[in-house]
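Student:
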Amino acid sequence: MTTLRFVYNADGGLLNGALDLAHKWLSPSTYACRLCEVSYSTFGMKPQWRAFVESLGIPVVFHHRDDFAAAFPNETIPLPAILRDSAGTLETLVSAQDFAQLHTLDDLIATLRRHLGLDPEPIPRPTLTNTPP
Numbered sequence: 821m822t823t824l825r826f827v828y829n830a831d832g833g834l835l836n837g838a839l840d841l842a843h844k845w846l847s848p849s850t851y852a853c854r855l856c857e858v859s860y861s862t863f864g865m866k867p868q869w870r871a872f873v874e875s876l877g878i879p880v881v882f883h884h885r886d887d888f889a890a891a892f893p894n895e896t897i898p899l900p901a902i903l904r905d906s907a908g909t910l911e912t913l914v915s916a917q918d919f920a921q922l923h924t925l926d927d928l929i930a931t932l933r934r935h936l937g938l939d940p941e942p943i944p945r946p947t948l949t950n951t952p953p
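Using this note's numbering, you'd call the opening residue of the sequence shown number 821 and step up by one each time.
#1: I believe Leu-922 touches Thr-931 by the beta-carbon criterion, under 8 Å. Please report the beta-carbon distance rounded to the nearest angstrom.
#2: Which whole-angstrom value is the C-beta distance of Leu-903 and Arg-825, which I expect to be below 8 Å?
#3: At the level of alpha carbons, what is the spacing between Pro-898 and Ser-875?
#4: From Val-827 to Val-858, what does the alpha carbon distance come to, in whole angstroms?
#5: Pull up the distance between the alpha-carbon of Leu-938 and that of Ile-929, whole angstroms please.
#6: At which residue ranges does the region 868-901 contain complete beta strand (DSSP E) runs of 3 or more residues, listed in the order of the chain?
Next up, the structure:
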């Protein structure tokens, strides 16, 4: 069975969570986890993100950097990342390099939909009209 693995570029635990939150507030330009940045608010997982992940209909696992390293000690991929796990074989769907280009939650959702082969949501385009000068 296929599982999606969302891997944050942050360590788990209450103290690390508090330090990450402070870092996000004090120096957002140097914050290292774009997955955390776009999918979480100060108060937890953004409702739009939670609804999207739940709508996928496939198992998902969220990892912090430290527990991912413990579970997959031979994997050395740059983080954050979103991986497809098919019977223990990991495939990167959204890489750290991809995350560097994402600026909003909508960007992340569209990127993941594309990598999963789902129809992307339509992007509004301006209507051009031929009007004489």
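Glycine included, C-beta positions come from ideal geometry on N, C-alpha and C. If you're wondering where the values come from, they're calculated on a predicted model, not measured in any experiment.
Tutor: Taking the geometry as given:
#1: 6 Å
#2: 4 Å
#3: 27 Å
#4: 13 Å
#5: 11 Å
#6: 880-883
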